[in-house]
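These notes are about the structure you will find just below.
Chains as they are written, first to last, in my numbering: chain Y, 343 to 1490; chain Z, 1149 to 1507.
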């Protein structure tokens, strides 16, 4: 009936009437591979040539094939072939692995109920409607609706670790009508129809209903996510289950989640493409200019066709226009090397290989959880060095997400938990120090009788806390069972909760005396001070982010039906009728000020009539197929009102270590940190203060609880004015979700102005999508800053995906964030190393790589261009075609690759301890207009020097050899080429600051290789080549003394201005980076000075220390410049001395 | 200057190694200098302190080299005479305008200073584009290497001088060979009214490898060159077939004729010289001052190019012919280094406290 639903007949028992048209479903084959044997070559080639660079080179190659060009097609065909082949092999191999994995998965044996028995078949043969049996610890082969398990109530436990990384046990249940069919024969008898939505990717959404023919009547039951077993999840703690397949193969939620990884491009990549376009323009310009000049030249016949160089008949007769075009194309081919094909290969290799260093870094390894940093994409490495805004989640990112129950307020009285007892506030001091643990339970309540009236409410509160949750208990302790028995504790229960708050609360009530014993689906049992109580579980109104509360409806042992609810105070207090509302509100604020997460607990008693109405409405909404969520929300709000307030709890979430230092370091690096949290205002501010995001000295501006548009605008203008009046001190801004959406709706610009002028922004009460919206807002603001989002939970995913760089914290709230992130780290504190050190490294590496690549190709091609002026624009190449081909592949490729893997401008520890260095590279500094111009002009200058240097050397073509013999054109070209290879390699050597043995090896090795190769290449008459142009040319060149002197002179001339420039700049206008380099080698090592200048405390202590040193004469700058080879073992030895907090403590 | 900056580090951590090994967890990254990006490395800084002495040393060295080169170059004597025959007063005017074969003209010149050492004689052409792409590729190295098949079947690249009108293969084929320089010179010393012929030696004027390896005549046992070349025709512009280029020396014929080899090594730039002869005999180590007469067999047309033809007499040193450029360049660059060194010194002395103001 509805196109967006599918109807599944259990066991494929289709209705027997004629109108039935069978629906078509996908089979259960998982296809993750992209290619088959047959389409691999065409499809792969097509995909590769969709990349603009490959396509460009293909065009060049085809042009070379088609027209008569000066260089053979091999010169561009070979590198292209190489690149394409390597990529194809890599992709082919990956696809082969995928095929293998697919076959394994699709061929896995499964048991299906067919024709009255259990039949073994292959996974790929499962059809929609089949009843599948899954045994313990097996994974589900398709998305199944649970029909029955070996348990009577039809529940089972699963873990979804492979789907979202959550390792906790989740309970899934079957509808009661099918749960009774626990044998194959009884399953065969089931006549049931499932209607559900068409496949969608959301793992946590499933809407459907099942119609069971039970004892001659049709019973309709709602189906939700708790009835659906996802493919990829694993059955736990349950012997076997039966389920009916509803989504199969590529339509399972797991398969639908394979895709949709958005492609992010880094700023460097964008600049690279811009540069490419510029070079393309240069290329076209050179080609057009050459063509025009050629024809201007040819206008006179004496140049066009001198007697010694006659044309062939064919050339004379060919059409002018065709010739013009073919000349233009020939020039294009001649100069095409200006756009280096190897750039892409090298960049890819650099990114791929370079990204290993993140995972390898011990400083990013978290010992306790045994997790190292994880790189999900290597495309964004350099973006880590460009971050301007950090958006961070609070819970689990800044904090441990390890909840600890601390305080509560019961009926207007505040209690603290001390040693497993609730102690009214103010009485803590009176508590005896040594409390006998056996007496705890008795003692705990010994305090309550002081206020006997309230004791019943106290117990109700505790019961509410221990009942209102979705915590599971696992008795199955496969791992560590032996340990526990050895410890003599047999009845150890393990609570599994999706939210750590709940777990903390249940554990706390257990300590205090009300133990939650378990939940079997229909009942919940607690032990309240030794007395077992069984509650019948009627309904669970699950938590959702909009309501921000969850409720359970229970039947008490006395038969009364009541509701317990817990949630954020803003979503409960407005609906309470009775109880100590004002006192509790005050207490909640106090708790929040201490940085505790607060939850308010309330209850509601139902009269039997009320309950019947509620039950009916709930059932209706739950079985609705359309707009179920909206209808549920309506019913929930109908139920969740008129509360009786019980109290509030405060749960502490410990700050992660070194959060303060990290935020401070980021701030010093010029990165603005925004905290986006769902917590309430007071909690958020206090955590912000305690983690150093807000300073005590900061002027905190507030944009909260704005009700209307106009009010919001007024407040924004007021804030804006205040900031402008008072720009000396730093400002911090607090915004809440509601006000934010108002501000964003109409006053986006004004809001952005305010935000930009604040050094810290805190957004509280944020919904997940709002987080993403804030990120997008900043991202698209006129400055287009680079943003980074970091978070650990599912609610951060949208923000992580939205930001330029998304970082997942491997925390307790599952792996969703990690899966969707670009990088994942175990702790927030690792962010500083990731950005300040790795980001810096990757950025300078790739920036120099890109610039250098363009530079060396300008050097390469410009002499070719200049040579045209001396050969009548006849497209004669200056270099031999082998040199043309190998220049980028062999002679100059390795040094830059090694450079781009190992370069360090500054020692990593210095980078980490001097975050200001990060500012030196911000705003894509090394790839901005100026450096680009510098490198390009440098390339042109060098090319001019090579070419005209060699030209002048040749002069009027005097002999350069001792025996009076002459050189030819190939020797001239080889001379230019030799100078070029040496200069280009040495230029990189000048740029290199970090010379490992590998740099030495490839730098000197490249030059040596060039010489050896040339000697070899020129030393043989190559049997398959038609021309032997290069025969002995190189040897003859080297046998000339003049050539040697010229090579030395020209190389040094090229590099000389560079050296002067860098020395002058370094001396007169050193950047922070350069200063640090000096420090490291000079003062830094021997003087107290250098230690101090790493830290904040510099201002206070450094001048004193410096003066002291000056007096002793240790630190005179004149000495510094020269005596830079001394190194202080103390400095390089002890890593800990360099960490931020400790430096402050150094005895300056 | 390798700073063993990280060595203590390495030792420090290697002592940890055994400890770590015992409690190593699965995911723990290896603690090696490589994975931790702590490879021992030299980290040079181009500071004034290092560059300054470098400048002075380089400056000094280059000035020294420059002076040496300049002296060497100045010791070389070079003597150039043009004989294109453009002006009316030129002796070769008639030959230049009358395209008769083997037109003879003479060129009288005086050498003021006696030339010491062995003298090389070059011919020079200007505005002659041997480096034109079409021209340059119009040759067949396989034919020139003496491969018999290509002798009769020259490569397509030789076009338009691959075959003649009668479809006979041209040997040697191609534009380069076809435009072979065919002026001939004889030199006389005017010894008190008596013309004494100066002997010219045409051996070893081409590269040894060209003469012995790269080029060779097709071989065929028991037959002389003219038989081997049977079935081919001489290049259109040639007056003599290739096997008859040097009547005086039968070994200097065919593809390995040295004049031909010199011509086939195409020049890089449009103004070029090619080695013609070395002066031998009585004058091989000393050319006295006085009047000389060059007798030119004028064949080669350059007037329309418009180019010039020259003869050059030059001694050579280890660095080749006269070449002022290198010496001057070294001197200039050396002095520049010195100047920059001084400037740097001043700047350094004046602003040396810059480093002091570290943030």
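Beta carbons: idealized from backbone N, C-alpha and C, even for Gly. If you're wondering where the values come from, they're calculated on a predicted model, not measured in any experiment.
Bounding residues of the alpha helix (DSSP H) (the contiguous stretch that carries residue i)
i	result
residue 438 of chain Y	416-448
residue 1054 of chain Y	1051-1067
residue 1432 of chain Z	Taken as a continuous stretch (DSSP letters only), residue 1432 of chain Z belongs to no alpha helix (DSSP H), as it is neither H nor E.
residue 658 of chain Y	655-659
residue 1083 of chain Y	1079-1088
residue 518 of chain Y	518-521
residue 396 of chain Y	394-408
residue 1187 of chain Y	1182-1210
residue 955 of chain Y	950-965
residue 636 of chain Y	609-640
residue 703 of chain Y	Segment: none, residue 703 of chain Y is in no alpha helix (DSSP H) and carries neither H nor E.
Proximity of residue i and residue j at Cβ, strictly below 8 angstroms
i	j	result
residue 1035 of chain Y	residue 1107 of chain Y	no
residue 371 of chain Y	residue 540 of chain Y	no
residue 625 of chain Y	residue 686 of chain Y	no
residue 1381 of chain Z	residue 1318 of chain Z	yes
residue 851 of chain Y	residue 877 of chain Y	no
residue 1098 of chain Z	residue 1350 of chain Z	Beyond the ends of chain Z as shown, which are 1149 and 1507, falls residue 1098 of chain Z; an answer cannot be given.
residue 903 of chain Y	residue 953 of chain Y	yes
residue 1102 of chain Y	residue 1141 of chain Y	no
residue 1488 of chain Z	residue 1402 of chain Y	yes
residue 1068 of chain Y	residue 1099 of chain Y	no
residue 743 of chain Y	residue 1138 of chain Y	no
residue 724 of chain Y	residue 608 of chain Y	yes
Start-to-end residues for the beta strand (DSSP E) that takes in residue i
i	result
residue 462 of chain Y	459-464
residue 347 of chain Y	347-351
residue 1493 of chain Y	Any property of residue 1493 of chain Y remains undetermined from this structure, which presents chain Y solely from 343 to 1490.
residue 1333 of chain Z	1332-1339
residue 743 of chain Y	741-752
Residues that residue i bridges to, as DSSP identifies them
i	result
residue 551 of chain Y	Y:537 and Y:564
residue 456 of chain Y	Y:459
residue 993 of chain Y	Y:747 and Y:939
Residue i: CB within 7 angstroms of a non-hydrogen atom of the ligand PLP
i	result
residue 984 of chain Y	Annotation note on the ligand PLP: not contained in the displayed structure, which lists no ligands.
Meets three-Cβ-pair contact criterion under 8 angstroms: the region 744-762 of chain Y and the region 1019-1029 of chain Y: Output reads no: the region 1019-1029 of chain Y does not touch the region 744-762 of chain Y.
Any 3 or more C-beta pairs closer than 8 angstroms across the region 474-491 of chain Y and the region 581-595 of chain Y: Contact holds: three or more Cβ-Cβ distances are below 8 angstroms.
Inter-stretch contact at 8 angstroms, needing at least 3 Cβ pairs: the region 935-944 of chain Y / the region 989-999 of chain Y: Output reads yes: the region 989-999 of chain Y touches the region 935-944 of chain Y.
Three-pair Cβ contact test at 8 angstroms for the region 835-848 of chain Y versus the region 800-812 of chain Y: A contact between stretches requires three or more CB pairs, one per stretch, nearer than 8 angstroms, and the region 835-848 of chain Y meets this requirement with the region 800-812 of chain Y.
Inter-stretch contact at 8 angstroms, needing at least 3 Cβ pairs: the region 1359-1374 of chain Y / the region 1277-1291 of chain Z: In this structure the region 1359-1374 of chain Y touches the region 1277-1291 of chain Z; the number of beta carbon pairs closer than 8 angstroms is three or more.
Meets three-Cβ-pair contact criterion under 8 angstroms: the region 1264-1283 of chain Y and the region 1187-1201 of chain Y: Judged by Cβ distances under 8 angstroms, the region 1264-1283 of chain Y makes contact with the region 1187-1201 of chain Y, as three or more pairs qualify.
Contact the region 1408-1421 of chain Y vs the region 1339-1359 of chain Y: 3+ CB pairs below 8 angstroms: Segments in contact, no.
Meets three-Cβ-pair contact criterion under 8 angstroms: the region 1384-1402 of chain Z and the region 1428-1445 of chain Z: They do not touch, by the three-pair rule.
Touch test, the region 1071-1087 of chain Y against the region 1050-1060 of chain Y, Cβ-Cβ under 8 angstroms, three pairs minimum: With the rule of 3 Cβ pairs closer than 8 angstroms, the region 1071-1087 of chain Y counts as touching the region 1050-1060 of chain Y.
Every unbroken alpha helix (DSSP H) inside the region 1008-1054 of chain Y [4 residues or more]: 1023-1032, all fully within the region 1008-1054 of chain Y.
3-residue-minimum beta strand (DSSP E) runs that sit fully inside the region 1311-1381 of chain Z, ordered along the chain: Counting only runs of 3 or more, we get 1332-1339 and 1342-1346.
Beta strand (DSSP E) runs wholly inside the region 1421-1485 of chain Z, at least 3 long, in chain order: Counting whole runs of 3 or more residues, the region 1421-1485 of chain Z contains the beta strand (DSSP E) stretches 1438-1446 and 1457-1463.
The region 399-419 of chain Y / the region 664-675 of chain Y touching (three or more Cβ pairs under 8 angstroms): In this structure the region 399-419 of chain Y lies against the region 664-675 of chain Y, because at least three pairs of beta carbons, one per stretch, are closer than 8 angstroms.
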